[in-house]
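Undergrad:
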Amino acid sequence: MISLLTKQLFLFDPLALFFLAVIFVVSLPSAVYSIGYLKNSYSPKKIFFSWIILCAFLLSMALVVSTRNLIIFLVAWEIMSLVSYLFVIFDTTHEKSIQAGMIYIVMTHLGTVFIIAAFMILRNYAHSFDILAIKTACSVIPRTEKNIIFLLFLIGFGTKAGIVPLHIWLPYAHPQAPSHVSSIMSGAMIKTAIYGIIRFVVFILGASYSWWGILVLIIAVTSCLVGVIYALMEHDIKRLLAYHSVENIGIILLGVGLAMYFISINKQYLAVFSLIAGLYHLINHAIFKGLLFLCAGSVYKATGTRDIEKLGGLIKRMPQTAIYFLVGSMAISALPPLNGFVSEWLTLQAFFLGALQVTGGMKLFLGITAAMLALTSGLAAACFVKAFGITFLAEPRSHYALNAKEVSLSMKIGMFILSLLTICFGLAAAIIIKFLAKAAGAATGIEISSLKFSLNNFVLSTNGGLAGAGSNSYLSVPLLAFMLIMLAIAGFGFYVFGRKRAEIYKTWDCGYYKTDSRNEYTATAFSKPFRIAFSFFLLPYRRTQKIRESFYHVKSFSYETHTTQVFKKYIYNPALTLIFRSAKLMRRIQPGSIHLYLGYIFVILISLLMFMQKF
Amino acid sequence: MQGLILSGILISTYLMFIAKRMSALTRVFALQSFFLFLATYIAAKELGQLDLYIVAGLLLVLKVLLIPMLLGKIINKIKVSQDLGLFINAQISLFCALFFTFLAWVFSARLNIPGSHTEVGVFAIAFLVVLTGLFLMISRATALAQIIGLLAMENGLFLFAATVSGGMPFFVEIAIFFDIFVSVIIMGLFVYKINNLFTHIDVNKLTRLKG
Amino acid sequence: MQIFFILGIPILLATLTFLFKKQKARGLANAVGYFMVLLLSIALFKRILFLKSAISFFGFIYLDALSGFFILITSTVAFAVSLYSIGYIGKDMEEGKLPEGKARAYYLLFNLFCLSMFFVPSVNNLGLLWVGIEMTTLISAFLVGFYNTKESVEAAWKYIIICSVGIIFALLGTILFSYSFSMTGLAKSLNWSDIVPVAHILDKNILKIAFIFILVGYGTKAGLAPMHTWLPDAHSQAIAPISALLSGVLLKTSIYAILRFGIIVIKGVGFSYFGNLMILLGLISLVIASGFILVQKDLKRLLAYSSIEHVGIISIGFGLGAPLATVGALLHIFYHAVTKSLMFFGAGNIVSNYKQHNMHSIKGVIKSMPFTGFMMLMGVFALCGFPPFAIFISEILIIISAFSIGSYLVAGSLLILLSVIFGAFINHFGKMLFGRLPKGRQVMGEPLSGKLGFLFLFILVCISGVAFTIFKKDLLWIAQKLLQV
Amino acid sequence: MKIFILILQLAWFIALAPFLSGFITKIKNNIRMRKGPSIFQPYYNLAKLFAKSEVISETASWIFRVSPLVVFSSYLTASLMIPVFILLKPFSFIGDFLALIFIFALGRFFLALSALDTGSSFSGMGSSREMFISSLVEPTICLIVFSISLQFGSTDITVFSGMHTVSIAAIITALSLFLITIAETSRVPVDNQETHLELTMVHEAMVLEYSGRSLAFLEMAAYIKQMILFFLIAQIIFPVYLPGPINLVQIFLWCLWYLARITIVAVIVAFVEVAVAKMRLFRVADFLGFAFILGIIAVVCAVMGV
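Residue numbers (the numbering used here), protein chains in the order written: chain F, 28 to 642; chain D, 1038 to 1248; chain Y, 362 to 846; chain A, 62 to 367.
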């Protein structure tokens, strides 16, 4: 009976297995981490309560990814949002976390409404809630219906994934949750939305029209750029990482969008190749974003604040967290030996290969999108130089950072596992590609045995299976890492050979006075060039004020700057005020006078009687 | 004879539109109920059914004697101005009366009862009485006017039931009478309560519960 | 046979209230009594389903599956309310808000109110059905105006007047029905069981007009949109246990009455007439409810408006016509009754502890009353149709059938309005449940009996979703019978 | 055989890279009618730095000490991908042009971090400006690689190191790469190498705190980076002259021609340095914008197959 039930309810094809792997790769280290993290900052009752919710959270995510029945998908999807809402409002006293929780659950619910609508239309055609039955029934759906279903899925899953116009909740919700949960949310939860897009748009609807892929590409590029520009302006470390989640979701969607486009013009090899790039960046992002959130959590636990302007010099006080954070930042800025670089390299290769096979106008579009992707990775590198530099390097800027101490062992283990995974996923790229190829083949339904993506276990090759394409371009990450290390050691050899002892002295201060932590470059200063360069989008506000003791003596000088949240200001706030104003207008229906109420009954009776024939 | 009584009911309904004081309104209501009693008494005599006699007797006791007396006691007890607080003054109410008659007539015509011409006429009058009751409740301010409006609607219904389907089953008739009587008592009780708490029974001022 | 006991026990309890001196004893007796009623109603419902036909005693009592289902709902909520009111009335008496005499009157009215609500579904004659509903109005008017403050008297007055006007129109409809029946020449009778077999030969035009009067009349009592104005005032001013009963069950009994007449109209005039009217009124009430819930300040009025919203969903469910939608609507009646009374219990605890209705000044409920706070949190999610809870099942059924019969407009607006209402709910309750504990408010527990009431309902809210899969066949049978499809 | 070629290539780069800078300063001074230091001045500087002892700031952490090595090794690894000896790219599997860009990013990342490590405001300013300029350079380099891959079929560097016809697209790509090289190797319009005025220096600000051997490594890394970029420009415009039968004279001639190409690019850079005044930092964004537009034009030409 059990096997019948599982075969009927669950669908364990390579795509689902891949996503299960993603979920558990992030959650196990985070669970280990949470032992230390929750120890003395929450009451034992609350910790026990958090463990129950965590299990429910993982179970619901696993269910979402592996179920075959749409209703169970919906149930698991909603439980996942409900449980993650409970985490967002975990420390219930903070006003911000309540507001964040509210925005989060309302937007996710709105997204789910779109998904429900799409499911129901699909059910009309397939008369059953089974994914495979719906897949077979998909060929009969007319063109307009398919477009509507696609748009509904895009909006529904887009809200959960946090693509640009619908990303408002992400920078609010992730920072408020406890750090190990933010890492799972960023690492695994928003990926279930990507799973939804791949499963329902690519697998079931078959990505049959080319404008779908182009639309997803456009949305993905805007998500990348907006995410990284806002991250650059952010000084709360967890909000910074949340904005980076928006950016990386954009990169993943670039791979998926490209795959959708190539399926629609049925270029089999390229579709599988770009889907592999997307999936690879998906698991890489799950790992290094999880790692970064855990490090941010340990910084928060050690110092008590999340504002990087107040931190500094933590590398001397928390050496191990600093190393893990460095590994994470290198991975997210796509620096060579690590996994971020490999998946971004693959995505860019997908663009370049695709451009060779595509007609004129599309070549330019792919080129410019690839350029925007490169711009995003450049800006991400700048952002993480700022984040790592300002938080960990130089002198502590406040008492928070001054008496920070290294975090407990279980937290270090959690971070260590994830950083190890970051390195391994970088080096073992060629082997992992083979598993991803299976998952991509299952998702797109393309036979992949004949296609070859890597020469042997070390070198990635791009156009293995492509007849008539130009010559090949290769990348061997282990060889690259080996050369880097060998040359570094050689250099070190030269460096150490016969040199006098290095002298320790204070930093150069133009000879005047001893420099203290106030001379250091702050995060606001670091991101000033970007604020000016992107001022057309950020609309920065700047106010300087001299606080004077008397007319002649200036006591202090205040400088205040912030950027306007364009989406919130021009899309969400007007919509909300509209709804609330119309609701206030409607309140006038009930002014209290009983005569008016009786009048209502009289009017509805007469009108029904008059329009009786219409019903 | 049938026509005489029906015209009596019609006149008493129009009188209701122009009543300005509570005692006047109760007296007109008693008059209307009396005409109704006559109609049922004659119908009972023709059909010779025993239960119709009981219903007519009940109607007489309750609606002509008991309820007006009860309302009179309430009016004296609450010692508040007798004015009904008309939103729509008497003249315009009469125009409304005309409009309601037209509405009732159109409505009964649409019902296209197969019966004789008088049948449709009686039905229109019954529906007019119902609409008058509703009009009284909407356009008069005091609580008492609302009670009497409700009772007038009930009268209309009774006439409607008696003419159109020869009256409902006896047992149901009794239960409805009992129900009306209890609701009048309870409403009277609440008028007392409003009077102690608000020192007036102008229901239009009861607007504390909004939105 | 069980029906006599079901009707008998409330009468017995009403007389007993004068015997027991102590308040506790009276409450306990009440709870035990209603537990017996619950068991009996379950037995009755099972028997009806087993017999697959109606039970009727001397033509006066007529119990088919529909009335069995409604009696079951009434008894469940009544039992929960009786459990809860032991604690609540006890607490009120300690605070001196309720003198001894008033408490005794409470139990008397409570039993009479339940008696009348049991009476309505079990009676065969449509005239008596009307009398039953009129009785519920009159008795509950006292319960609404129980505290004798200005607001509650005003609410009671509006409640009586508007509902009586509505019910008189319903009487007009009933008379029209009896008239159309008498035109067929058969013996004059208002028994539902006699009218239904012959419904298809009744005069179509009169049936249509009669059903409009019925819909406006009983719709006022059910709280459908334009006629809902009395509902927020009455439910927010009544005592908490009673407003749970009002919202949970009284609205449903008037829906029951509409359904009774609906069956005749469906047979007589065809389904589309009944369906379009119900969908229209349902949508209007959803729109109005969502508007008011968004900007609501008073806690209990918020729950009252959410009852209007759910009545709207139920009427849309019945209006859609697919058997699945009817099953969804029937289930929604049960689930809403259970969830809404859970919410009203919680609201009652909060209001009695914080001493005010205004939501902006109620903060940190989870901190000050952990049990109620947690229940309210789960209740909010249950009410808005989140999966682990029951309402999700019924809403999904209604949405599925809305899409399957192709009325995308209705389904789309249903989905959008539900999420708007969900947003408003989370906004209100988020601010209320969480946040810092206000000064001078310490952690307060709830009386044990109160907790039992909560737990009983909470278990029902969680597991009754599963119940749907078990009773699927029976519910589909009831739905088929209802739609004659 | 491969190891021998690998070491030969590394030695070639390390030896010749400083020569280029010395050559450029020499030409600049000649244009300015000044004698200026000799061509081998960079070699003398490096020798001096190797001899001197090092002063390290107390606020600096291990990153300050490690970065010179990481920067030096990353640019050296990048140089491995350049086919110096007659198409014999010893390590063709390591990576392609795209990997080259990311390896540059690695070096730059660590340099910027080490600048922030010392805590002085000059180096903070330098690292912020460096990251600003380099993040705006990234899209243009990506477009350059894109147009090359369109013209030559793949992003592997050996693809365009052979004999190929010099089309208009190639010339515009080279031009755009030239502008990028000025930005990357901190030449005058974008950044001034020689000055220590904090308002104008970008690269110098970052290496301000370094001294002794670490400074030597950083200088060497900068020279190697410069040579790689010059080689790429030269590679696109002057395709290599394929030698006839391989004998000693032929190889010698070929080496001369190989050097000549790079010096031509160096001369052009020198001329640009002298002719143009330094731009304000926020005008650099427009400068790089112009390079980006050139990149797009290059892609359009490549698409049209011109």
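Here a beta-carbon is modelled for each residue, glycine too, at the ideal position from N, C-alpha and C.
Nothing here was measured: the structure is a model prediction, and the numbers come from that model.
Could you check which residue in F:Leu375, F:Ala469, F:Gly340 has the C-alpha nearest to that of His426 of chain F?
TA: Considering only alpha carbons, the answer is F:Gly340.
Undergrad: Which residue or residues does DSSP assign as beta-bridge partners of Ser554 of chain F?
TA: DSSP, once it has assigned bridges, lists no residue as partnering Ser554 of chain F.
Undergrad: How far does the beta strand (DSSP E) with Ser585 of chain F in it extend, from its first residue to its last?
TA: From DSSP, the beta strand (DSSP E) with Ser585 of chain F extends over 581-590.
Undergrad: Considering only DSSP beta bridges, list what Glu530 of chain F is partnered with.
TA: The partner list for Glu530 of chain F (beta bridge, DSSP) reads A:Val116.
Undergrad: Are Ser615 of chain Y and Lys701 of chain Y close, meaning C-beta to C-beta below 8 Å?
TA: Cβ atoms of Ser615 of chain Y and Lys701 of chain Y: not closer than 8 Å.
Undergrad: What residue from A:Ala295, A:Ile124, A:Leu279, A:Leu269 has the CA that sits closest to Ile143 of chain A's CA?
TA: Ranking the options by Cα distance to Ile143 of chain A, first place goes to A:Ala295.
Undergrad: If you follow the alpha helix (DSSP H) that Pro505 of chain F is in, where does it begin and where does it stop?
TA: From DSSP, the alpha helix (DSSP H) with Pro505 of chain F extends over 504-523.
Undergrad: Could you give the distance in angstroms between the alpha-carbon of Gln617 of chain F and the alpha-carbon of Leu644 of chain Y?
TA: Computed Cα separation, rounded: 18 Å.
Undergrad: Rank F:Tyr522, F:Val115, F:Phe184, F:Asp543 by C-alpha distance to the C-alpha of Ala108 of chain A and give the top, closest one.
TA: When each option's Cα is compared against that of Ala108 of chain A, the closest is F:Tyr522.
Undergrad: Return helix, strand or coil for Arg802 of chain Y, following the three-state DSSP convention.
TA: Coil, per DSSP.
Undergrad: Who are the near neighbours of Pro482 of chain Y in its chain, counting only those whose CB is closer than 6 Å to its CB and skipping five residues on each side?
TA: The answer, listed in chain order, is Ser428, Phe431, Ile432, Tyr617.
Undergrad: If we define contact as Cβ-Cβ less than 8 Å, is Asn391 of chain Y a contact residue for chain F?
TA: No - not a single Cβ of chain F is within 8 Å of the one on Asn391 of chain Y.
Undergrad: With DSSP run on the structure shown, which of helix, strand or coil describes Lys1247 of chain D?
TA: Of the three classes helix, strand and coil, the one that applies to Lys1247 of chain D here is coil, per DSSP.
Undergrad: Please list the residues of the segment 595-617 of chain F that have a C-beta atom closer than 7 Å to any C-beta atom in chain D, keeping them in chain order.
TA: Residues Arg614, Gln617.
Undergrad: Among Y:Thr376, Y:Val514, Y:Lys812, which residue has its Cα nearest to the Cα of Met704 of chain Y?
TA: Per the Cα distances, Y:Lys812.
Undergrad: Are the beta-carbon atoms belonging to Gly527 of chain Y and Lys582 of chain Y less than 8 Å from one another?
TA: Yes, the pair counts as a contact, with Cβ atoms nearer than the cut-off.
Undergrad: Since Thr234 of chain A and Ile205 of chain A should fall inside the 8 Å C-beta cutoff, what is the C-beta to C-beta distance between them, to a whole number of angstroms?
TA: About 5 Å; that satisfies the 8 Å criterion.
Undergrad: Could one say the Cβ of Val492 of chain Y lies closer than 8 Å to chain D's Cβ atoms, at least one of them?
TA: Output row for Val492 of chain Y: interface = yes.
Undergrad: Figure out for me which residue from F:Thr163, F:Thr135, F:Arg226 has the closest Cα to the Cα of Ile643 of chain F.
TA: Nothing in the structure corresponds to residue 643 of chain F, since chain F is present only between 28 and 642.
Undergrad: Short check: CB of Ile649 of chain Y to CB of Ile669 of chain Y, under 8 Å?
TA: Yes, Cβ-Cβ distance for Ile649 of chain Y and Ile669 of chain Y is below 8 Å.
Undergrad: Output the distance between the C-alpha atoms of Leu844 of chain Y and Gly707 of chain Y, rounded to the nearest integer angstrom.
TA: One C-alpha to the other measures close to 37 Å.
Undergrad: Check the Cβ-Cβ distances between Ser1176 of chain D and every residue of chain Y, and say whether any is below 8 Å.
TA: So no, Ser1176 of chain D is outside the interface.
Undergrad: For Ala599 of chain Y, which residues of its own chain have a beta-carbon under 8 Å away from its beta-carbon, when the five flanking residues on both sides are left out?
TA: Cβ within range, chain order: Ser501, Leu504, Val505, Phe507, Ser513, Ala516, Leu607.
Undergrad: How would you call Arg226 of chain F, buried or exposed, if buried means at least 16 neighbouring beta carbons within 10 angstroms?
TA: Label assigned to Arg226 of chain F: buried.
Undergrad: Given a cut-off of 8 Å on the beta-carbon distance, is the pair Ala144 of chain F and Leu97 of chain F in contact?
TA: It is not a contact, given that the beta carbons lie outside the stated cut-off.
Undergrad: What first and last residue would you give for the beta strand (DSSP E) that runs through Thr437 of chain Y?
TA: That residue, Thr437 of chain Y, is in no beta strand (DSSP E); its alpha helix (DSSP H) goes 426-455.
Undergrad: Give the DSSP-derived three-state secondary structure of Lys173 of chain F in the structure shown.
TA: Helix.
Undergrad: With a cut-off of 8 Å, does the C-beta of Val1166 of chain D fall near any C-beta of chain F?
TA: So no, Val1166 of chain D is outside the interface.
Undergrad: Answer with buried or exposed for Cys362 of chain A, where buried requires no fewer than 16 other C-beta atoms within 10 angstroms of its C-beta.
TA: Result: buried.
Undergrad: Which same chain residues end up closer than 7 Å to Leu353 of chain F when comparing Cβ atoms and leaving out the 5 residues on each side of it in sequence?
TA: Closer than 7 Å at the Cβ level, and outside the excluded window around Leu353 of chain F, lie Phe415.
Undergrad: Can you round the beta-carbon distance between Leu476 of chain Y and Ile627 of chain Y to whole angstroms, since I take them to be within the 8 Å contact cut?
TA: Between Ile627 of chain Y and Leu476 of chain Y the Cβ distance is about 31 Å, and since that is not below 8 Å, they are no contact.
Undergrad: Would you tell me roughly how many angstroms separate the C-alpha atoms of His718 of chain Y and Leu758 of chain Y, rounded to the nearest one?
TA: For His718 of chain Y and Leu758 of chain Y, the distance between alpha carbons rounds to 35 Å.
Undergrad: Using a Cβ-Cβ cutoff of less than 7 Å, which residues in the same chain neighbour Cys322 of chain F once the five nearest sequence positions on both sides are dropped?
TA: Result list for Cys322 of chain F: Thr348, Tyr351, Phe352, Gly355, Met442, in chain order.
Undergrad: Check each residue of the segment 788-811 of chain Y: if its Cβ is closer than 9 Å to any Cβ of chain F, include it; give the result in chain order.
TA: Hits within the stretch, in order: Asn788, Gly791, Lys792, Leu794, Phe795, Gly796, Arg797, Leu798.
Undergrad: Our contact map puts Gly138 of chain F next to Gly183 of chain F with C-beta atoms below 8 Å; I'd like the distance itself, whole angstroms only.
TA: Indeed, because the Cβ distance is near 5 Å, the residues count as touching under 8 Å.
Undergrad: What residue from A:Ala327, A:Phe213, A:Phe111 has the CA that sits closest to Phe278 of chain A's CA?
TA: The residue with the shortest Cα to Cα distance from Phe278 of chain A is A:Phe111.
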